[in-house]
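Asker: Following the numbering used here, the numbering of the sequence shown begins with 10 at its first residue and continues without gaps. Glycine residues also receive a C-beta, built at the ideal position from the N, C-alpha and C atoms. Computed from a prediction, not measured in an experiment: that's the story for all the values here. Sending over a structure as structure tokens; questions will come in a sec.
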Amino acid sequence: MSQAALHIGTSGFSYQDWVGHFYPKGTKKTDFYTHYCSCFDALEVTYTYYRMPTRRTMSSLIDKSEGKVTFAVKLTGVFTHDRTGGASDAKEFGEAVEPMAERGVLGCLLAQFPYSFKPDRDGYEHIRKVAAWFKSFPLVVEVRNRRWISQRFFEFLKELGVGFCCVDEPNLPGLLPELKVVTSPVGYVRFHGRNKAKWWTHDRPEERYDYLYASEELDAWVPGLNRMREASDQLFVFFNNHFEGKAVANALHMRELLG
């Protein structure tokens with residue numbers, strides 16, 4: 010069986026604290042993206058969680074990367090956290106990312122739900138609704154609450170043709186265990202770091218992601234990631250431990266481990 014196309018990158022790229030760690034000292038913010046694209050062929054677009062993307066901005070991301078980067082685009086919070094978005098909002102989002110799909114560089118959309126999102130009837134129905142809104146695009150769902158983890162949920166995602174986002178995060182009550190599950194042609198993994206002390210309590214949100222994976226911690230993932238590649242058409246691996254460029258260091262190392 011042939012292995013899936015492998016895409017490794019980071020969750021976002023526009024971090025000022027990466028200057029001096031990944032971006033050379035003195036790099037202007039307007040040059041961050043060009044430098045990122047010179048090192049990675051995949052990017053998880055995260056600003057779209059905070060505001061609705063536009064077709065112009067999405068096209069610009071393609072053009073500036075010269076079509077060499079494959080994108081995963083995070084759904085806006087109105088679909089996942091506030092859950093106030095409707096079909097018209099989904100239509101607007103879809104029209105914005107359409108250029109990526111047309112150019113063959115849209116890997117998938119990512120719907121990241123909060124810890125408060127529970128596996129009750131409303132939760133299942135909301136995922137079904139989001140999947141219907143975005144049926145024209147590959148969709149991956151990330152849940153944060155351990156109560157979702159069941160064979161029923163995995164079969165539900167398979168029925169919808171929706172991918173499951175595996176995560177690496179602190180071993181804390183209520184959070185997801187380490188899984189290597191593929192429920193659609195798109196395999197997906199997000200590395201959030203294992204900063205237990207700062208996960209729930211922190212002075213600044215970015216402190217949650219202040220964690221550098223040791224080589225042996227990444228090594229332990231390699232067999233499972235290879236199995237996920239065999240079970241999918243595309244495998245995305247993104248590092249979200251972005252504090253001071255730690256995500257970059259770990260993404261580059263994982264790329265070496267997976268060849």
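1. So if DSSP puts residue 20 in a beta bridge, which residue, or which two residues, is it bridged to?
2. In chain order, which continuous runs of the alpha helix (DSSP H) of length 4 or greater are located wholly inside the segment 116-171?
3. Express the C-alpha separation of residue 238 and residue 126 in angstroms, rounding to a whole number.
4. Around the Cβ of residue 230, are there at least 16 other Cβ atoms within 10 angstroms (buried) or fewer (exposed)?
5. Can you tell me the Cα-Cα spacing of residue 148 and residue 172, whole angstroms?
6. Could you say which of 222, 196, 186 and 102 lies nearest to residue 59 if we only look at CA atoms?
7. Please name the residue in 225, 131, 18 and 13 whose C-alpha comes closest to that of residue 246.
8. Check whether the segment 46-58 and the segment 73-90 touch, using three or more Cβ-Cβ pairs below 8 Å as the test.
9. Do residue 118 and residue 143 have their C-beta atoms within less than 8 Å of each other?
10. In the structure shown, what three-state DSSP assignment does residue 222 receive?
11. Excluding the five sequence neighbours on either side, which residues of its own chain have a C-beta within less than 8 Å of the C-beta of residue 228, listed in chain order?
12. Does DSSP classify residue 31 as helix, strand or coil?
13. With DSSP run on the structure shown, which of helix, strand or coil describes residue 4?
14. For the putative contact between residue 241 and residue 13, defined by C-beta atoms under 8 Å, what is the C-beta separation to the nearest angstrom?
15. What's the gap between the Cα of residue 107 and the Cα of residue 97?
16. When you measure from the CB of residue 104 to every non-hydrogen atom of the ligand COA, does any distance come out below 7 Å?
Answerer: In short, the structure shows the following:
1. Counting from 1 along the sequence shown, the entry for residue 20 is found at position 11. DSSP lists 53 as partners of residue 20.
2. 130-142 and 160-169
3. Your numbering for residue 126 matches position 117 in the sequence shown. Your numbering for residue 238 matches position 229 in the sequence shown. Rounded to whole angstroms, residue 126 to residue 238 spans 29 Å at the Cα level.
4. Position 221 of the sequence shown, counting from 1, holds the residue named residue 230. Classification for residue 230: buried.
5. Taking the sequence shown and counting its residues from 1, the one referred to as residue 148 is at position 139. Taking the sequence shown and counting its residues from 1, the one referred to as residue 172 is at position 163. Roughly 6 Å separates the two Cα atoms.
6. Translated into positions along the sequence shown, residue 59 becomes position 50. Taking only the C-alpha atoms, the option nearest residue 59 is 102.
7. Looking up residue 246 in the sequence shown gives position 237. Considering only alpha carbons, the answer is 18.
8. yes
9. Taking the sequence shown and counting its residues from 1, one reaches residue 118 at position 109. Taking the sequence shown and counting its residues from 1, one reaches residue 143 at position 134. For residue 118 and residue 143, yes; Cβs fall inside 8 Å.
10. Counting from 1 along the sequence shown, the entry for residue 222 is found at position 213. Residue 222 falls in the coil class under three-state DSSP.
11. As a position in the sequence shown, residue 228 is number 219, starting the count at 1. 266, listed in sequence order.
12. Translated into the one-based positions of the sequence shown, residue 31 becomes position 22. The answer is coil: DSSP assigns residue 31 none of H, G, I, E or B.
13. With the chain covering only 10 through 268, there is no way to say anything about residue 4.
14. Locating residue 241 in the sequence shown gives position 232, counting from the first residue. Locating residue 13 in the sequence shown gives position 4, counting from the first residue. That pair is a contact at about 4 Å.
15. Taking the first residue of the sequence shown as position 1, residue 107 is located at position 98. Taking the first residue of the sequence shown as position 1, residue 97 is located at position 88. If you take the alpha carbons of residue 107 and residue 97, they lie about 15 Å apart.
16. With respect to the ligand COA, the structure offers nothing, as it holds no ligand at all.
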